[in-house]
Amino acid sequence: MIELQQIKERIAAEHYRDTNSCFELRMMLMDVASTLTTKHISNLRQDKDPQISLTLLRAFRSVRQHYFSLEKAREGDLECYNNTRDAVVRELTGLCHQLKGNVISLPLGNPAELKIAQ
0 MIELQQIKER IAAEHYRDTN SCFELRMMLM DVASTLTTKH ISNLRQDKDP
50 QISLTLLRAF RSVRQHYFSL EKAREGDLEC YNNTRDAVVR ELTGLCHQLK
100 GNVISLPLGN PAELKIAQ
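Just so you know, numbering that gives the first Met the number 0 puts 33 at position 34 of the sequence shown, and the rest follows in order with no gaps.
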């Protein structure tokens, strides 16, 4: 989840500078898609929650659609660039919140109980 958060922050910080900006954003979207795929495969191999896998796959499909819409946009289309960047940031924020809800929190009662036997 940390990787997704870092990529999301990088995408949010990006601004359109020139025609290469669209290419750079597409590369970041490929990075997101790769990370989502890796997390999905890891989740399946460890027989974890199938709902998480479904959520990751939906996010992957969405990122893929944004990638293709950005690829099909005409060169220098600032509106498409901004819309794509903002949509991906919103979706990654939502995904991080969903995945954060699935993390188990341990009570802070007695930390000695959590130590490994010496």
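Virtual Cβ for every residue (Gly too), placed ideally from N, Cα, C.
DSSP places Tyr66 inside the alpha helix (DSSP H), whose first and last residues are 49–71. Between the stretch 72–89 and the stretch 38–45 there are fewer than three inter-stretch CB-CB distances shorter than 8 Å, so the stretches are not counted as touching. Contact check for Leu69 against Cys21 passes: the beta carbons are separated by less than 8 Å. If you draw a straight line from the Cα of Tyr66 to the Cα of Ala58, it is about 12 Å long.
Burial is judged here by how many other beta carbons sit within 10 angstroms of a residue's own beta carbon; Leu56 has fewer than 16 and is exposed. Separation of the CB atoms of Val62 and Leu35 is rounded to 7 Å, and the pair is thereby assigned contact status at 8 Å.
Take Ile6, set aside five residues on each side of it, and the residues of its chain with a beta-carbon closer than 8 Å to its own are Met27, Asp30, Val31, Thr34, Leu91, in chain order.
Burial is judged here by how many other beta carbons sit within 10 angstroms of a residue's own beta carbon; Thr18 has fewer than 16 and is exposed.
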